[in-house]
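Before any comments, here is the structure.
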Amino acid sequence: MIGIINYGVGNLTSVKNSLDFLNIPNAVTDRPEEINNFDKIILPGVGAFGAAMEKLNNFGFADKIKNFANAGKPVLGICLGMQLLFDESREYGHHKGLGLIKGRVLPFSEKVKSLPLPQIGWNNITKENASPLLENIEDNSSFYFVHSFYCKPKNQDLVTASSDYGIKFAAVIHEKNIFGCQFHPEKSQSAGLQILKNFNDL
Amino acid sequence: MIKRRLIPVLYIKNGFIVRSEGFSYHHNIGNVIAEAGRYNGWDVDELIYIDISREKNYDLRRDDYNVNSYNSIGAIISEISKVCFMPLTFGGGIRTIDDVSFRIQNGADKVTLNTGAFENPKLITQVAEKYGSQAMVISVDYKIIDGKPVVFTDFGQKNTGKLVYDWTKECENLGAGEIFLNSVDRDGKANGYDTETIGKVVASTKLPVVACGGAGSPEDFVDLAKKTNVSAIAAGNIFHFTELSYPNAKILLKKEGLNFR
Numbered sequence: 001m002i003g004i005i006n007y008g009v010g011n012l013t014s015v016k017n018s019l020d021f022l023n024i025p026n027a028v029t030d031r032p033e034e035i036n037n038f039d040k041i042i043l044p045g046v047g048a049f050g051a052a053m054e055k056l057n058n059f060g061f062a063d064k065i066k067n068f069a070n071a072g073k074p075v076l077g078i079c080l081g082m083q084l085l086f087d088e089s090r091e092y093g094h095h096k097g098l099g100l101i102k103g104r105v106l107p108f109s110e111k112v113k114s115l116p117l118p119q120i121g122w123n124n125i126t127k128e129n130a131s132p133l134l135e136n137i138e139d140n141s142s143f144y145f146v147h148s149f150y151c152k153p154k155n156q157d158l159v160t161a162s163s164d165y166g167i168k169f170a171a172v173i174h175e176k177n178i179f180g181c182q183f184h185p186e187k188s189q190s191a192g193l194q195i196l197k198n199f200n201d202l
Numbered sequence: 203m204i205k206r207r208l209i210p211v212l213y214i215k216n217g218f219i220v221r222s223e224g225f226s227y228h229h230n231i232g233n234v235i236a237e238a239g240r241y242n243g244w245d246v247d248e249l250i251y252i253d254i255s256r257e258k259n260y261d262l263r264r265d266d267y268n269v270n271s272y273n274s275i276g277a278i279i280s281e282i283s284k285v286c287f288m289p290l291t292f293g294g295g296i297r298t299i300d301d302v303s304f305r306i307q308n309g310a311d312k313v314t315l316n317t318g319a320f321e322n323p324k325l326i327t328q329v330a331e332k333y334g335s336q337a338m339v340i341s342v343d344y345k346i347i348d349g350k351p352v353v354f355t356d357f358g359q360k361n362t363g364k365l366v367y368d369w370t371k372e373c374e375n376l377g378a379g380e381i382f383l384n385s386v387d388r389d390g391k392a393n394g395y396d397t398e399t400i401g402k403v404v405a406s407t408k409l410p411v412v413a414c415g416g417a418g419s420p421e422d423f424v425d426l427a428k429k430t431n432v433s434a435i436a437a438g439n440i441f442h443f444t445e446l447s448y449p450n451a452k453i454l455l456k457k458e459g460l461n462f463r
């Protein structure tokens, strides 16, 4: 059973709908004390980093998610949810993240001058390192991205797929039981649904 | 590299998808939920829904459609998102941050604000801070007045006297993430896109521009994609009345060497 973390921001409905469509048992929860009932959790995300982190803390989720991950159970962060796994972000100021992945979340605007921001749309990915999350995904497949910030892990080997938007950036990361995708699998048609299926099959 | 998008726009009036012309004539062409399933089958890049109901009264009951009645916009969005595994933008009648939250919680990925943002520009910043600027799409309807594109609000009826470039720049500074540009003059006319204005707006902003209004044939998409740097091309009527027009347009755009998905 996959738990979808509801911390009061972002679009949970589409994540839930895509899991339902795949017949994957799942439940949305806004109760941190329920988190250990799940085998795996998805941390979704549409929204702003600072507000999201504040909500995670206010709901009492931050520590519970860290404990869940540190117990070796699979965690998938999607878009902002992936960024929240990192140490810190510079979206509208400086904000501390969950710190499960070493690294920072940085604005495209410092490096990308000639492209519209945020990046909104379908971009292709390049596989960098093998990951079970990328099973049955063809190299160069397109996924739907919506973001102005990108993740920069300290250890670049964690990047299992990259994408290019003026600069090369992490599209998929994987460290032990922790996974993140910068794109929205729940909004990426069949290739995206395959990613969610792969996470369930772990 | 990022792909350019081709986006069907669906106008909803009292729970029905309608054909729109000149922002005033609306012809019922189908049930909102049945149409969403159809577009999903075509593997579209994205969908934009604009609710143009004057009175917020939704009724999807009709003898020839075997569907239940959905009497709220929340139920409509929620039903659509069960059959949509692509990005979904929802607009129309949004005036407060609560209106925005309601739509996003029901399954919208982005919202598009038009009159509500013009009357209360602070709302743009509120949405950007709460949901990220990528969720904050500014919808700009314009008409050409004395050779210049002027912003119109209130269903394309109220002349604001403000030039499109000035308004989009303000929106960009306030935290908007995308511009959905719609030519009122060309709405439903099928005489091609206003490539001149669209090109100038694209050049005047850092934000991705989605251009709409005037598509009569797939060649109009090619023309716009070649003449301007629009991030996305949107159209309404053409996708409703020509079977397989979406997949066929994609084939044509790719054949022309344009970077579409």
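Sequence order for the protein chains is V and E. Numbering-wise (my numbering), the first sequence opens with residue 1 and increments by one. Numbering-wise (my numbering), the second sequence opens with residue 203 and increments by one. Ideal Cβ positions, reconstructed from N, Cα and C, are used throughout, including at glycine.
Since I believe residue 179 of chain V is in contact with residue 199 of chain V (beta carbons under 8 Å), could you give me their beta-carbon distance rounded to a whole number of angstroms?
-> Reading the first sequence from its first residue, position 199 is the one you call residue 199 of chain V. Reading the first sequence from its first residue, position 179 is the one you call residue 179 of chain V. Right, their Cβ atoms sit about 7 Å apart.
Does residue 89 of chain V get closer than 8 Å to chain E when you measure Cβ to Cβ?
-> Here residue 89 of chain V corresponds to residue number 89 of the first sequence, with the count starting at 1. Residue 89 of chain V does not count as touching chain E.
Measure the C-alpha to C-alpha separation of residue 194 of chain E and residue 432 of chain E and round it to an integer number of angstroms.
-> No answer is possible for residue 194 of chain E: it lies beyond the span of chain E, which begins at 203 and ends at 463.
Using a Cβ-Cβ cut-off of 7 Å (strictly less than) and excluding sequence neighbours within five positions of residue 442 of chain E, which residues of its own chain qualify?
-> Within the second sequence, numbered from 1, the residue matching residue 442 of chain E stands at position 240. Excluding sequence positions up to five before and after residue 442 of chain E, its CB lies within less than 7 Å of the CB of 221, 231, all in the same chain and listed in chain order.
Using beta-carbon positions only, say whether residue 287 of chain E and residue 193 of chain V come within less than 8 Å of one another.
-> In the second sequence, counting from the first residue as 1, residue 287 of chain E sits at position 85. In the first sequence, counting from the first residue as 1, residue 193 of chain V sits at position 193. Yes. Within cutoff.
At 9 Å on the CB atoms, spell out the chain E contacts of residue 165 of chain V, in chain order.
-> Numbered from 1 along the first sequence, position 165 holds the residue referred to as residue 165 of chain V. Those are 203, 204, listed as they occur along chain E.
Inspect the beta-carbon positions of residue 153 of chain V and residue 121 of chain V and report whether they are closer than 8 Å.
-> Here the question's residue 153 of chain V lines up with position 153 in the first sequence. Here the question's residue 121 of chain V lines up with position 121 in the first sequence. No, they are not a contact pair.
Beta-carbon contacts of residue 48 of chain V that lie in its chain and below 7 Å, excluding the five residues immediately before and after | In the first sequence, the residue the question calls residue 48 of chain V occupies position 48. Scanning its chain for C-beta atoms nearer than 7 Å, with the 5 sequence neighbours on each side dropped, one finds around residue 48 of chain V the residues 91, 92, in chain order.
At which residues does the alpha helix (DSSP H) containing residue 209 of chain V begin and terminate?
-> Outside the shown range of chain V (1 to 202) lies residue 209 of chain V, about which nothing can therefore be said.
For the region 228–242 of chain E, which residues have a CB atom closer than 9 Å to at least one CB atom of chain V, in sequence order?
-> Correct list: 242.
When the cut-off is 8 Å and only beta carbons count, does residue 146 of chain V lie next to chain E?
-> Translated into positions along the first sequence, residue 146 of chain V becomes position 146. Any Cβ of chain E closer than 8 Å to the Cβ of residue 146 of chain V would place that residue at the interface, and such an atom is present.
State whether the region 300–312 of chain E contacts the region 274–292 of chain E, with contact taken as three or more CB pairs (one from each stretch) at a distance under 8 Å.
-> The way I'd put it, the region 300–312 of chain E does touch the region 274–292 of chain E; three or more beta-carbon pairs between them come closer than 8 Å.
Ordered along the chain, which non-local residues of its own chain (more than five positions away) have a Cβ less than 8 Å from that of residue 306 of chain E?
-> Here residue 306 of chain E is taken as the residue at index 104 of the second sequence, counted from 1. Excluding positions up to five away in sequence, the list reads 313, 333, 337.
Proximity test, Cβ basis, 8 Å: residue 18 of chain V and chain E | One-based indexing of the first sequence puts residue 18 of chain V at position 18. It does; some Cβ of chain E falls within 8 Å.
Skipping 5 residues on each side, what residues in its chain have a beta carbon closer than 7 Å to that of residue 456 of chain E?
-> For the purposes of this step, residue 456 of chain E is taken as the residue at position 254 of the second sequence. Around residue 456 of chain E: 462.
So, does the CB of residue 187 of chain V fall closer than 8 Å to a CB anywhere in chain B?
-> Absence of chain B from the displayed structure is noted, the protein chains being V and E.
Compute the Euclidean distance between the alpha carbons of residue 20 of chain V and residue 28 of chain V, then round it to the nearest angstrom.
-> Numbered from its first residue, the first sequence carries residue 20 of chain V at position 20. Numbered from its first residue, the first sequence carries residue 28 of chain V at position 28. Rounded to the nearest angstrom, the gap between the Cα atoms of residue 20 of chain V and residue 28 of chain V is 12 Å.
With respect to the beta strand (DSSP E) encompassing residue 205 of chain E, which residues constitute its N-terminal and C-terminal limits?
-> As a first step, residue 205 of chain E must be located in the second sequence, where it is residue number 3. Element bounds for residue 205 of chain E: n/a, residue is neither H nor E.
Going along the chain, which residues of its own chain have a beta-carbon closer than 8 Å to the beta-carbon of residue 454 of chain E, five neighbours each way excluded?
-> The sequence position of residue 454 of chain E within the second sequence is 252, counting from 1. Once the five neighbours on either side are set aside, the close Cβ partners of residue 454 of chain E are 420, 421, 423, 424.
Same chain, Cβ closer than 7 Å to residue 62 of chain V, neighbours up to 5 away in sequence not counted | By 1-based counting over the first sequence, the position of residue 62 of chain V is 62. Within the same chain, residue 62 of chain V has close Cβ partners 56, 98.
Hey, residue 316 of chain E and residue 355 of chain E are a contact pair by Cβ (cut 8 Å); roughly how many whole angstroms apart?
-> In the second sequence, residue 316 of chain E corresponds to position 114, counting from 1. In the second sequence, residue 355 of chain E corresponds to position 153, counting from 1. A Cβ-Cβ separation of about 6 Å places residue 316 of chain E in contact with residue 355 of chain E under the 8 Å criterion.
Please check if any C-beta of chain V sits within less than 8 Å of the C-beta of residue 333 of chain E.
-> The residue given as residue 333 of chain E occupies position 131 in the second sequence. For residue 333 of chain E, the answer is yes, since a Cβ of chain V falls inside 8 Å of its Cβ.
Identify, in the order they occur along the chain, each residue of the same chain with its Cβ nearer than 6 Å to the Cβ of residue 458 of chain E, setting aside the five sequence neighbours on each side.
-> Start at 1 with the first residue of the second sequence, and residue 458 of chain E comes out as number 256. Here the set comprises 424.
Does residue 380 of chain E come within less than 8 Å of chain V when only Cβ atoms are used?
-> Counted from its first residue, the second sequence places residue 380 of chain E at position 178. It does; some Cβ of chain V falls within 8 Å.
For the beta strand (DSSP E) holding residue 340 of chain E, just list the boundary residues, first then last.
-> Along the second sequence, one-based indexing puts residue 340 of chain E at 138. From DSSP, the beta strand (DSSP E) with residue 340 of chain E extends over 338–347.
Which partner residues does residue 63 of chain V have in the DSSP bridge list?
-> Along the first sequence, read from residue 1 onward, the residue named residue 63 of chain V stands at position 63. None; residue 63 of chain V has no bridge partner.
Residues near residue 264 of chain E in its chain [Cβ-Cβ closer than 6 Å; skip 5 each side] | Translated into the one-based positions of the second sequence, residue 264 of chain E becomes position 62. Low local confidence applies: a pLDDT of 45 at residue 264 of chain E is under 50, so the model's placement there is unreliable, with the coordinate-based value given in what follows. Nothing listed; no residue qualifies.
Quick one, which residues of the region 101–117 of chain V are near chain E if we go by CB-CB under 8 Å, in chain order?
-> So the close ones are 115, 116, 117.
Report the neighbours of residue 308 of chain E on chain V: residues whose CB is nearer than 8 Å to its CB, in chain order.
-> Taking the second sequence and counting its residues from 1, the one referred to as residue 308 of chain E is at position 106. Ordered by position in chain V, the residues that pass the 8 Å Cβ test against residue 308 of chain E are 13.
Can the beta-carbon of residue 4 of chain V be found closer than 8 Å to that of residue 42 of chain V?
-> By 1-based counting over the first sequence, the position of residue 4 of chain V is 4. By 1-based counting over the first sequence, the position of residue 42 of chain V is 42. Result yes, Cβ atoms of residue 4 of chain V and residue 42 of chain V sit closer than 8 Å.
Residue ranges of each alpha helix (DSSP H) within the region 3–49 of chain V, 4 or longer | The DSSP assignment places complete alpha helix (DSSP H) segments of no fewer than 4 residues inside the region 3–49 of chain V at 12–21, in order along the chain.
Please report how far the alpha carbon of residue 40 of chain V lies from the alpha carbon of residue 460 of chain E, in whole angstroms.
-> Position 40 of the first sequence, counted from the start, is the residue given in the question as residue 40 of chain V. Position 258 of the second sequence, counted from the start, is the residue given in the question as residue 460 of chain E. Cα-Cα distance, rounded: 41 Å.
From residue 26 of chain V to residue 17 of chain V, what distance separates their C-alpha atoms?
-> Here the question's residue 26 of chain V lines up with position 26 in the first sequence. Here the question's residue 17 of chain V lines up with position 17 in the first sequence. When rounded, the distance between both Cα atoms is 10 Å.
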